[in-house]
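Okay, structure first, notes after.
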Amino acid sequence: MKLTAKSIIRRYSCTRSRKDSPGSFYSWAETQVMMQYNQLVQVVEINNSSFLNYPYQLINNPADLKTALEPFMAAKIIGIDCETSGGIDPYRAKIRLVQLAIPHHPVIIIDLAAIDSADLSPLRQLLRGNALKVGHNLKFEWMMLAQAGLKPSRPFFDTYLAYRVLTAGLKCSLSLEAATAQLLNVKLDKKLQTSDWSGELTAAQLQYAAIDAAIVLPLRTNLKRQLKKALLWSTALLEFACLPAVAQMELNGMWLDKQQWQLLRTQLEAQQKTLTRELSSLQIPSPNQQICLLPEFTNSINLRSPKQVLAALQAQGISVSSTNNQALIPLVNEYPIIQALLDYRSLATRISTFAEGLVQHVHPVTGRIHPNWFQIGAKSGRFSCREPNLQNVPRNPATRQCFKPALGYILLKADYSQIELRIMAKVSGDSRMIAAYSKGEDLHKLTASLVLGKSLSEINSSERQLGKIINFGLIYGMGAKKFKNMAQAEHGRVLSLEEASQFRKRFFESYAGIAEFHKHIRKSWLQGIRESRTLGGRRRLWSKDSQPLLNEMLNNPIQGLSADITKLALAKLFAPLNRTGARLICVIHDEILLECPIAEVEPVKALLKRSMVEAGDKFLTPIPCEVEIQMVESWGG
DNA sequence: GCGTACTGCGCC
DNA sequence: AAACGGCGCAGAACGC
Numbered sequence: 000m001k002l003t004a005k006s007i008i009r010r011y012s013c014t015r016s017r018k019d020s021p022g023s024f025y026s027w028a029e030t031q032v033m034m035q036y037n038q039l040v041q042v043v044e045i046n047n048s049s050f051l052n053y054p055y056q057l058i059n060n061p062a063d064l065k066t067a068l069e070p071f072m073a074a075k076i077i078g079i080d081c082e083t084s085g086g087i088d089p090y091r092a093k094i095r096l097v098q099l100a101i102p103h104h105p106v107i108i109i110d111l112a113a114i115d116s117a118d119l120s121p122l123r124q125l126l127r128g129n130a131l132k133v134g135h136n137l138k139f140e141w142m143m144l145a146q147a148g149l150k151p152s153r154p155f156f157d158t159y160l161a162y163r164v165l166t167a168g169l170k171c172s173l174s175l176e177a178a179t180a181q182l183l184n185v186k187l188d189k190k191l192q193t194s195d196w197s198g199e200l201t202a203a204q205l206q207y208a209a210i211d212a213a214i215v216l217p218l219r220t221n222l223k224r225q226l227k228k229a230l231l232w233s234t235a236l237l238e239f240a241c242l243p244a245v246a247q248m249e250l251n252g253m254w255l256d257k258q259q260w261q262l263l264r265t266q267l268e269a270q271q272k273t274l275t276r277e278l279s280s281l282q283i284p285s286p287n288q289q290i291c292l293l294p295e296f297t298n299s300i301n302l303r304s305p306k307q308v309l310a311a312l313q314a315q316g317i318s319v320s321s322t323n324n325q326a327l328i329p330l331v332n333e334y335p336i337i338q339a340l341l342d343y344r345s346l347a348t349r350i351s352t353f354a355e356g357l358v359q360h361v362h363p364v365t366g367r368i369h370p371n372w373f374q375i376g377a378k379s380g381r382f383s384c385r386e387p388n389l390q391n392v393p394r395n396p397a398t399r400q401c402f403k404p405a406l407g408y409i410l411l412k413a414d415y416s417q418i419e420l421r422i423m424a425k426v427s428g429d430s431r432m433i434a435a436y437s438k439g440e441d442l443h444k445l446t447a448s449l450v451l452g453k454s455l456s457e458i459n460s461s462e463r464q465l466g467k468i469i470n471f472g473l474i475y476g477m478g479a480k481k482f483k484n485m486a487q488a489e490h491g492r493v494l495s496l497e498e499a500s501q502f503r504k505r506f507f508e509s510y511a512g513i514a515e516f517h518k519h520i521r522k523s524w525l526q527g528i529r530e531s532r533t534l535g536g537r538r539r540l541w542s543k544d545s546q547p548l549l550n551e552m553l554n555n556p557i558q559g560l561s562a563d564i565t566k567l568a569l570a571k572l573f574a575p576l577n578r579t580g581a582r583l584i585c586v587i588h589d590e591i592l593l594e595c596p597i598a599e600v601e602p603v604k605a606l607l608k609r610s611m612v613e614a615g616d617k618f619l620t621p622i623p624c625e626v627e628i629q630m631v632e633s634w635g636g
């Protein structure tokens with residue numbers, strides 16, 4: 000059906016009138032309407048407010064604090080910012096200033112160095128109140144205030160997260176400076192951000208501090224309007240609701256058994272030594288090679304250099320064009336040295352990135368690992384994690400067994416079962432998938448049976464594994480060639496290109512709903528649409544100078560909704576979890592890790608399951624959502 | 001000597 | 001033309 004501009008706008012307004020709530024969701028058809036609308040509208044916002052000078056009041060004694068906060072107690076919306084001395088690590092830095100802003104009122108700057116913690120109760124009460132707390136990257140303020148015994152309560156409006164929700168997929172700075180320049184046409188001077196906040200403060204420093212708290216209020220107004228206009232309000236609310244859980248998780252950190260880790264490291268290094276000897280036959284090819292019997296004098300290559308490895312392999316008569324796993328795995332049977340090479344490289348990664356790298360992030364104060372969690376780290380809406388990245392710790396038991404709960408605690412490890420396949424079933428409405436899930440059937444087995452033309456009961460575990468590769472590859476648009484390679488590399492099954500494309504064809508014949516879904520997305524891709532939406536309404540954009548890839552558009556609605564679901568679960572979990580002794584310590588996309596006092600396992604387990612299932616059901620119904628929870632002594636099980 | 005792009009690989 | 005997607009990290013290679 001062809002839509003006119005007018006009908007798109009009419010249908011769009013209809014969609015917009017839905018009630019906004021965190022995690023409210025849209026039908027597939029509605030997400031299509033949003034996209035078409037956004038193709039029509041170009042929004043230009045200009046605001047010339049001047050924030051060069053902003054009135055403020057410095058508070059440095061208890062009596063003034065009480066008086067100064069009185070107008071804030073009745074406020075519904077408060078701008079918040081903190082300045083810290085001694086860095087930005089919540090376990091080592093100290094808050095120097097807390098700045099609070101309400102409209103038409105001087106900013107209150109509270110000097111925490113001058114006021115005793117016991118005299119801060121008016122501030123504590125204010126932050127615990129129901130007012131909306133607005134700030135830029137509130138995860139930081141939340142952690143710092145929590146460490147000072149001033150933990151702020153919901154609701155929050157984080158202009159940093161809001162700006163990311165609005166611009167997901169685009170390359171742009173998310174700093175307060177960039178956001179105000181872009182959205183308010185106000186140029187902030189951030190030179191003083193990293194100045195010394197520990198001694199006597201200058202008027203310029205105080206002025207700077209005041210502006211940062213004040214500016215987030217008009218920034219919020221602007222962002223809220225744009226979010227609503229772009230139908231991103233419920234996504235933003237979901238992020239805001241999730242924020243305190245993320246901040247708390249970062250403070251909590253995760254314990255690593257350093258002694259056991261050191262033991263593992265020693266073993267890995269010993270293995271690496273053995274492999275190095277096996278690989279000594281790989282040499283730098285040279286036309287007039289000298290034969291030398293002592294390995295330490297041979298011109299042996301650097302095994303971590305792709306360039307040298309490639310040359311050495313080719314010199315041995317092995318015809319390869321790349322030295323990555325994909326290219327080398329098919330050759331392991333033919334050339335034993337290739338297996339040794341692959342093992343060496345795997346060990347090299349596990350030693351440098353993990354054995355050596357990870358342990359450097361154990362915090363000197365807490366003895367735990369506190370990575371930086373980025374709530375919207377990925378264009379799809381997924382989390383990312385840095386310094387260190389706990390989302391890519393090797394799965395092998397010896398590694399993960401070093402991650403343990405604190406004394407008196409146990410780990411609860413909760414997984415969504417096959418969440419992305421279930422999401423595919425939901426968004427495509429594929430009848431065969433829906434029927435299979437409602438009967439509790441195994442989708443990987445089903446796929447294997449459909450593609451191989453066998454009955455379900457005939458499928459063995461190896462064939463099921465092939466089904467898994469097919470499911471996860473083909474739903475995101477994998478081509479026959481890559482599928483062939485993958486089947487060989489990860490499953491050891493050698494397919495001809497014809498067989499591979501035959502399997503691929505059968506897959507899409509078997510799941511006509513998925514084929515239809517792909518066709519639909521392909522169509523909007525061909526139309527040049529530069530955005531993708533999840534059923535939660537979350538949006539990913541592509542900038543004008545980058546052509547969206549079809550497969551990115553096929554993947555985004557699935558991966559993005561998975562993120563929506565996990566975030567809704569975290570938002571639901573946060574408050575009730577705080578009434579227990581359990582702590583959120585890690586999130587790996589569809590997996591949530593809690594550290595739980597042994598005495599509280601049963602109620603916490605029930606709470607965790609309920610939060611996750613409710614979040615899943617909200618988006619997946621009628622597809623059942625399954626969550627598996629394990630109680631374990633370590634992350635390794 | 002320093003910053004950046006690339007390769008390769010760990011996870012979901 | 002480009003053909004599973006999403007990350008972060010380490011080391012080598014290269015350009016300034």
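Under numbering that gives the first Met the number 0, the first residue of the first sequence is numbered 0, with each subsequent residue one higher.
The beta-carbon is built from N, C-alpha and C at its ideal position, and this holds for glycine as well.
Quiz prompt | Extent of the continuous beta strand (DSSP E) run through R538 | solution = Translated into positions along the first sequence, residue 538 becomes position 539. It spans 538-540 - the beta strand (DSSP E) in which R538 sits, taken as one unbroken run.
Quiz item: How about the segment 75-84 and the segment 139-156: do they share at least three Cβ pairs that are nearer than 8 Å?
Solution: Remark: three or more beta-carbon pairs, one from each stretch, lie closer than 8 Å, so the segment 75-84 and the segment 139-156 are flagged as touching.
Quiz item: Taking the continuous beta strand (DSSP E) assigned at S638, which residues delimit it?
Solution: Past the edges of the chain, shown from 0 to 636, lies residue 638, and the structure says nothing about it.
Quiz item: How big is the Cα-Cα spacing for K132 and L255?
Solution: Against the first sequence, residue 132 aligns to sequence position 133. Against the first sequence, residue 255 aligns to sequence position 256. A straight line joining the alpha-carbon of K132 with that of L255 spans about 35 Å.
Exercise. Please list, in chain order, all residues of the same chain as H443 whose beta carbon is under 7 Å from its beta carbon, the five residues on each side excluded.
Key: By one-based count along the first sequence, residue 443 stands at place 444. Excluding positions up to five away in sequence, the list reads R463, G466, K467, N470.
Exercise. Report buried or exposed for M611, applying the criterion of at least 16 other Cβ atoms within 10 angstroms of its Cβ.
Key: Residue mapping note: residue 611 aligns to position 612 of the first sequence, counting from 1. Label assigned to M611: buried.
Quiz item: Among E440, N395, H103, I108, which one has its Cα closest to the Cα of Y207?
Solution: Start at 1 with the first residue of the first sequence, and residue 207 comes out as number 208. Of the candidates E440, N395, H103, I108, the one whose C-alpha sits nearest the C-alpha of Y207 is I108.
Self-check item: Among N129, H104, V97, the one whose alpha carbon lies nearest that of I114
Solution: Here residue 114 refers to the residue found at position 115 when the first sequence is read from its first residue. If you compare the alpha carbons of N129, H104, V97 with that of I114, the shortest gap goes to V97.
Quiz prompt | Sheet register partners of D110 (DSSP bridge) | solution = Reading the first sequence from its first residue, position 111 is the one you call residue 110. DSSP lists L96 as partners of D110.
Quiz item: Between P89 and the rest of its own chain, which residues show a CB-CB distance below 7 Å, the 5 nearest in sequence each way excluded?
Solution: Along the first sequence, one-based indexing puts residue 89 at 90. Excluding residues up to 5 positions away in sequence, M142, M143, Q146, L250 lie with their Cβ nearer than 7 Å to the Cβ of P89 in the same chain.
Exercise. Could you check what DSSP says for E627 in three-state terms: helix, strand or coil?
Key: To locate residue 627, count along the first sequence from 1; it is residue 628. Three-state DSSP puts E627 in a strand.
Practice problem: Output the boundary residues of the alpha helix (DSSP H) element that contains S437. | Solution: Taking the first residue of the first sequence as 1, we reach residue 437 at position 438. Note, S437: alpha helix (DSSP H), 430-437.
Quiz item: Are the Cβ atoms of A161 and A235 separated by less than 7 Å?
Solution: Taking the first sequence and counting its residues from 1, the one referred to as residue 161 is at position 162. Taking the first sequence and counting its residues from 1, the one referred to as residue 235 is at position 236. Yes; because the gap between Cβ atoms is below 7 Å, this pair is in contact.
Practice problem: Identify every residue that forms a DSSP beta bridge with K132. | Solution: Sequence index remark: in the first sequence, residue 132 carries index 133 (1-based). Partner(s): I77, F155.
Quiz item: Residues in its own chain within less than 8 Å of A499 by CB, not counting five upstream and five downstream?
Solution: In the first sequence, the residue the question calls residue 499 occupies position 500. Spatial neighbours of A499 in its own chain (CB-CB distance under 8 Å, excluding positions within 5 residues in sequence) are listed in chain order as A479, K480, F482, K483, A486.
Quiz prompt | Candidates V106, R582, H103, N136: closest to A405 by CA position | solution = For the purposes of this step, residue 405 is taken as the residue at position 406 of the first sequence. Of the listed residues, the one whose Cα sits closest to A405 is R582.
Quiz item: How close, in whole Å, do the beta carbons of L169 and S542 come, if the pair is a contact with beta carbons under 8 Å?
Solution: Reading the first sequence from its first residue, position 170 is the one you call residue 169. Reading the first sequence from its first residue, position 543 is the one you call residue 542. That pair is a contact at about 5 Å.
Quiz item: With 16 other CB atoms within 10 Å as the buried threshold, where does S379 fall?
Solution: Reading the first sequence from its first residue, position 380 is the one you call residue 379. Here S379 is buried: its Cβ has 16 or more other Cβ atoms, across all protein chains shown, within 10 Å.
Quiz prompt | N-terminal and C-terminal residue of the beta strand (DSSP E) that G531 is part of | solution = Here the question's residue 531 lines up with position 532 in the first sequence. The question names Gly, but residue 531 is Ser in the sequence shown. 530-532 is the span of the beta strand (DSSP E), which, as asked, contains S531.
Quiz prompt | Beta-carbon proximity of L64 to P121, cut-off 7 Å | solution = Position 65 of the first sequence, counted from the start, is the residue given in the question as residue 64. Position 122 of the first sequence, counted from the start, is the residue given in the question as residue 121. In contact: L64 and P121 (Cβ atoms closer than 7 Å).
Self-check item: Alpha carbon of S318 to alpha carbon of R503, nearest angstrom
Solution: Reading the first sequence from its first residue, position 319 is the one you call residue 318. Reading the first sequence from its first residue, position 504 is the one you call residue 503. Distance between the alpha carbons of S318 and R503 is about 29 Å.
Exercise. With DSSP collapsed to three states, give me the class of T83.
Key: Here residue 83 refers to the residue found at position 84 when the first sequence is read from its first residue. Strand, per DSSP.
Quiz item: By how many angstroms is the C-alpha of D211 removed from the C-alpha of K518?
Solution: As a position in the first sequence, residue 518 is number 519, starting the count at 1. As a position in the first sequence, residue 211 is number 212, starting the count at 1. Cα to Cα, the separation comes out at about 48 Å.
Quiz prompt | Expected contact under 8 Å - CB spacing of L278 and A339 to nearest Å | solution = For the purposes of this step, residue 278 is identified with residue 279 of the first sequence, where counting begins at 1. For the purposes of this step, residue 339 is identified with residue 340 of the first sequence, where counting begins at 1. In this structure, L278 and A339 form a Cβ contact; the two beta carbons are roughly 5 Å apart against a cut-off of 8 Å.
Quiz item: So, do the segment 416-428 and the segment 621-630 have three or more beta carbon pairs nearer to each other than 8 Å?
Solution: Taking a cut-off of 8 Å for Cβ pairs, the segment 416-428 and the segment 621-630 touch, as three or more such pairs fall below it.
Quiz item: Does the distance from the CB of Y408 to the CB of C595 come in under 7 Å?
Solution: What you label residue 408 is simply residue 409 of the first sequence in a count that begins at 1. What you label residue 595 is simply residue 596 of the first sequence in a count that begins at 1. Going by C-beta atoms, Y408 is nearer than 7 Å to C595.
Self-check item: Contacting residues, own chain, Cβ-Cβ under 6 Å from L606 (five flanking each side not counted)
Solution: By one-based count along the first sequence, residue 606 stands at place 607. The beta carbon of L606 lies closer than 6 Å to those of P575 in the same chain, with the five residues before and after it left out.
Exercise. May I ask you to report which of helix, strand or coil DSSP gives D686?
Key: Any property of residue 686 remains undetermined from this structure, which presents the chain solely from 0 to 636.
Quiz item: Which two residues bound the contiguous beta strand (DSSP E) that contains E590?
Solution: Numbered from 1 along the first sequence, position 591 holds the residue referred to as residue 590. DSSP places E590 in the uninterrupted beta strand (DSSP E) bounded by 590-596.
Quiz prompt | Minimum C-alpha distance to L222 - residue among V164, G198, L187 | solution = Here residue 222 refers to the residue found at position 223 when the first sequence is read from its first residue. Of V164, G198, L187, the smallest CA-CA separation from L222 is found for V164.
Exercise. Work out the CA separation of F239 and W232 for me, nearest whole Å.
Key: By 1-based counting over the first sequence, the position of residue 232 is 233. By 1-based counting over the first sequence, the position of residue 239 is 240. Approximately 11 Å, taken between the alpha carbons.
Exercise. Identify, in the order they occur along the chain, each residue of the same chain with its Cβ nearer than 6 Å to the Cβ of G636, setting aside the five sequence neighbours on each side.
Key: Counting from 1 along the first sequence, the entry for residue 636 is found at position 637. Cβ neighbours of G636 beyond the five flanking positions: none.
Quiz item: How would you write the range of the beta strand (DSSP E) that R582 sits in, first residue to last?
Solution: Counted from its first residue, the first sequence places residue 582 at position 583. Here the beta strand (DSSP E) through R582 covers 582-586.
Quiz item: From what residue to what residue does the beta strand (DSSP E) around L57 run?
Solution: Here residue 57 is taken as the residue at index 58 of the first sequence, counted from 1. Secondary structure note for L57: its beta strand (DSSP E) is the uninterrupted segment 55-58.
Quiz item: How long is the line joining the alpha carbons of R578 and I375, rounded to whole angstroms?
Solution: Residue mapping note: residue 578 aligns to position 579 of the first sequence, counting from 1. Residue mapping note: residue 375 aligns to position 376 of the first sequence, counting from 1. For R578 and I375, the distance between alpha carbons rounds to 27 Å.
Exercise. Starting from the C-beta of L525, find all residues in its chain whose C-beta is less than 6 Å away, skip the five residues before and the five after it, and write them out in chain order.
Key: Here the question's residue 525 lines up with position 526 in the first sequence. Here L525 has no same chain residue with a Cβ atom under 6 Å from its own Cβ, once five neighbours each way along the sequence are excluded.
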